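A.B. asks:
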Amino acid sequence: MILHNTSSSLLAWEVQETGIMGGDLVMGYIGFLLKLYVNPFLGFSGIFINIINAAIFYKMGLSEGIAQNFFILSISDGILGVSSLVYSISYVLLNTLYTHGGPIAELLQTVHWIAMSCWPFSHIISFITTTVIAVVRCCCVTMPLRVKEILTARRQLCAIAVFSLIGYIIVIYSFAPTKLGRITNPITNITKITVRGERRHIIALFTSTFLNSAFVIVVACTIILIFSLKKSSEFREKVSSASGSVEKRREKSREIRTVQTVILVATIFLVCDLPPLVLSAARMAMESSSFHIAGNKMEFLTFFILYMETGMMLKINANVFIYLSFNSRYRNIFKKTLGNKSDRKPVTNNSQPQRSNA
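Printed below as a string of structure tokens:
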């Protein structure tokens with residue numbers, strides 16, 4: 004994932020005078036359109052959506068572990084949306100108004116690198132939080148009687164904080180010797196800002212162990228939850244046909260919706276974050292110290308980078324639709340919050356009946 008940042012930057016700044024990225028022409032046009040139009044829109048909408056998510060989960064109460072963890076996930080996704088939007092804006096300006104270089108173009112390239120440097124930190128929190136959500140829900144399914152006593156909301160928060168802090172320390176140590184450099188093209192006389200000096204072997208080791216382990220855990224928990232959801236659905240059908248209490252049916256229905264929410268959030272996480280890990284593993288398998296981007300490798304790298312950047316934006320936008328579909332408390336607060344203005348209209352038009360009904 005973190006290796007993706009360096010690779011993405013190398014590709015992003017391989018811009019010709021026309022502004023189209025190197026490699027295959029069709030892939031270059033697709034990438035240019037995604038970076039110029041799609042990604043900025045998704046970044047802006049991701050900020051707006053995750054502000055709403057964070058506010059609603061805060062209203063739901065952070066004393067519950069599931070609401071607390073989704074609140075943290077919304078905050079990290081919102082920060083990722085901000086950094087990605089800044090990154091996209093700098094790309095748009097560089098490829099529209101400042102294509103011929105100059106001091107402003109160099110400043111925009113520096114902003115580009117700073118915005119990109121925020122990605123690993125948000126990604127680490129997203130990785131750890133999603134892993135904790137999946138593990139806790141998996142434990143609720145396998146040992147429901149003890150999980151509330153063992154995995155309290157405070158302990159879940161401590162787990163997210165400790166593992167995220169470990170990841171932060173490793174990333175900061177890896178990028179501590181990083182320096183910005185300038186490379187001037189003798190033909191176009193355009194100066195490009197580059198990054199060099201990072202400890203790539205530490206980054207590769209961190210990605211292949213820490214993040215891959217979290218990814219495997221989420222995969223295992225998702226599989227367990229899918230089988231559990233199937234059993235719960237069968238049990239619900241039996242209870243519905245029998246003369247069971249209404250409260251038990253409601254409780255079972257809430258549990259099923261919670262499991263469905265976690266499964267879908269984890270699935271989106273897996274689909275969007277699998278390519279960076281695969282690409283990092285592929286680069287480690289090859290000669291990482293002498294890895295050259297050329298020919299078919301460039302097309303392969305271009306495809307994965309385009310997918311990763313847009314997939315990252317899609318991920319931070321998609322969760323709100325899952326919450327609205329499967330979380331009734333979230334849906335009620337969402338409707339109540341956005342429906343306040345519409346609820347006031349009948350009061351002004353016909354205020355007397357409204358007072359008598361109240």
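Position 306, counted from 1, in the sequence shown is what the numbering used here calls 309; the numbers after and before it change by one each time, with no gaps.
For each residue, glycine too, the CB sits at the ideal point set by N, CA and C.
All values derive from a computational prediction rather than experimental measurement.
1) Output needed for F73: all residues of its chain with C-beta closer than 6 Å, excluding positions within five of it in sequence on either side, in chain order.
2) Check whether the Cβ atoms of L280 and N215 lie closer than 8 Å to each other.
3) Expressed to the nearest angstrom, what Euclidean distance is found between the alpha-carbon atoms of L341 and G64?
4) What are the boundary residues of the alpha helix (DSSP H) that M146 is part of?
5) Note the first and the last residue of the continuous alpha helix (DSSP H) segment covering L39.
6) Whose C-alpha, out of A223, S177, T181 and I226, is nearest the C-alpha of S205?
7) If you reduce the DSSP assignment to three classes, tell me which class L154 lands in.
8) Is M24 helix, strand or coil by DSSP?
9) Could you check the C-alpha separation between Q263 and I55 for me, to the nearest Å?
10) Sorted by chain position, which residues of the same chain lie with C-beta nearer than 8 Å to I163's C-beta, five sequence neighbours on each side aside?
11) Whose C-beta lies closer than 8 Å to the C-beta of V95 among residues of the same chain, with five residues either side of it excluded?
12) Could you give the residue range of the alpha helix (DSSP H) that holds P180?
13) Rounded to the nearest angstrom, what separates L317 and L45 at their Cα positions?
14) How is T113 classed by DSSP in three states: helix, strand or coil?
15) Using the three-state DSSP reduction, which class does R202 fall into: helix, strand or coil?
16) Does the distance from the CB of C142 to the CB of L154 come in under 8 Å?
17) Exposed or buried, what is A179 when buried is set at 16 or more other beta-carbons lying within 10 Å of its beta-carbon?
18) Have a look at the DSSP bridge pairing and note the partners of K195.
19) Here's the rule I'm using: 16 or more other beta-carbon atoms within 10 Å means buried, otherwise exposed. How should T113 be labelled?
20) Which same chain residues, not among the five before or five after S79, have their C-beta less than 6 Å away from its C-beta?
21) Looking at C-alpha atoms only, which residue of P123, G84 and V150 is the closest neighbour of E67?
22) For L88, is the classification buried or exposed, using 16 other Cβ atoms within 10 angstroms of its Cβ as the cut-off for buried?
23) Hey, how far is the Cα of V274 from the Cα of A108?
24) Please determine, among L228, V222, G170 and V198, the residue with the shortest C-alpha to C-alpha distance to A207.
25) Exposed or buried, what is L83 when buried is set at 16 or more other beta-carbons lying within 10 Å of its beta-carbon?
26) Taking a contact to mean a Cβ-Cβ separation below 8 Å, would you say V265 touches A57 in this structure?
C.D. replies: According to the data block:
1) The count along the sequence shown starts at 1 and reaches residue 73 at position 70. These residues qualify, in order along the chain: F60.
2) Indexing the sequence shown from 1 puts residue 280 at position 277. Indexing the sequence shown from 1 puts residue 215 at position 212. Against a cut-off of 8 Å, the Cβ pair of N215 and L280 comes out as a contact.
3) The residue you call residue 341 lines up with position 338 of the sequence shown. The residue you call residue 64 lines up with position 61 of the sequence shown. Cα to Cα, L341 sits roughly 19 Å from G64.
4) For this step, residue 146 is matched to residue 143 along the sequence shown. Premise fails: M146 is in no alpha helix (DSSP H) and is neither H nor E.
5) Working through the sequence shown from its first residue, we reach residue 39 at position 36. Here L39 belongs to no alpha helix (DSSP H), and DSSP marks it neither H nor E.
6) Looking up residue 205 in the sequence shown gives position 202. The sequence given here places Ile at residue 205; Ser does not occur at that position. Ranking A223, S177, T181 and I226 by Cα distance to I205 puts S177 first.
7) Locating residue 154 in the sequence shown gives position 151, where the first residue counts as 1. Residue state, collapsed to three classes: coil.
8) Counted from its first residue, the sequence shown places residue 24 at position 21. In this prediction, M24 scores a pLDDT of 42, lower than 50, which makes its location untrustworthy; the coordinate-derived value is nonetheless stated afterwards. Reduced to three states, the DSSP call for M24 is strand.
9) For the purposes of this step, residue 263 is identified with residue 260 of the sequence shown, where counting begins at 1. For the purposes of this step, residue 55 is identified with residue 52 of the sequence shown, where counting begins at 1. Their backbone Cα atoms lie some 21 Å apart in a straight line.
10) The count along the sequence shown starts at 1 and reaches residue 163 at position 160. Around I163: N72, I75, I128, I131, T132 and V135.
11) As a position in the sequence shown, residue 95 is number 92, starting the count at 1. The residues are K38, L39 and P43.
12) Here the question's residue 180 lines up with position 177 in the sequence shown. Note, P180: premise wrong, no alpha helix (DSSP H); not H, not E.
13) The residue labelled residue 317 in the question sits at position 314 within the sequence shown. The residue labelled residue 45 in the question sits at position 42 within the sequence shown. Cα to Cα, the separation comes out at about 7 Å.
14) Taking the sequence shown and counting its residues from 1, one reaches residue 113 at position 110. Reduced to three states, the DSSP call for T113 is helix.
15) What you label residue 202 is simply residue 199 of the sequence shown in a count that begins at 1. Here R202 sits in coil by DSSP.
16) Taking the sequence shown and counting its residues from 1, one reaches residue 142 at position 139. Taking the sequence shown and counting its residues from 1, one reaches residue 154 at position 151. Cβ atoms of C142 and L154: closer than 8 Å.
17) If you number the sequence shown from 1, residue 179 lands on position 176. So A179 ends up on the exposed side.
18) Counted from its first residue, the sequence shown places residue 195 at position 192. In the DSSP output, where bridge partners are listed per residue, K195 has I186.
19) Locating residue 113 in the sequence shown gives position 110, counting from the first residue. Exposed is the call here.
20) Here the question's residue 79 lines up with position 76 in the sequence shown. Around S79: S125, I128 and S129.
21) Mapped onto the sequence shown, residue 67 falls at position 64. Nearest C-alpha to E67: V150.
22) As a working note, residue 88 is residue 85 in the sequence shown. Buried, by the Cβ-count rule.
23) In the sequence shown, the residue the question calls residue 274 occupies position 271. In the sequence shown, the residue the question calls residue 108 occupies position 105. Cα-Cα distance, rounded: 35 Å.
24) Sequence index remark: in the sequence shown, residue 207 carries index 204 (1-based). Here the closest residue by C-alpha is G170.
25) Start at 1 with the first residue of the sequence shown, and residue 83 comes out as number 80. Buried is the call here.
26) In the sequence shown, the residue the question calls residue 265 occupies position 262. In the sequence shown, the residue the question calls residue 57 occupies position 54. Their beta carbons are not under 8 Å apart, which means V265 does not touch A57 by this criterion.
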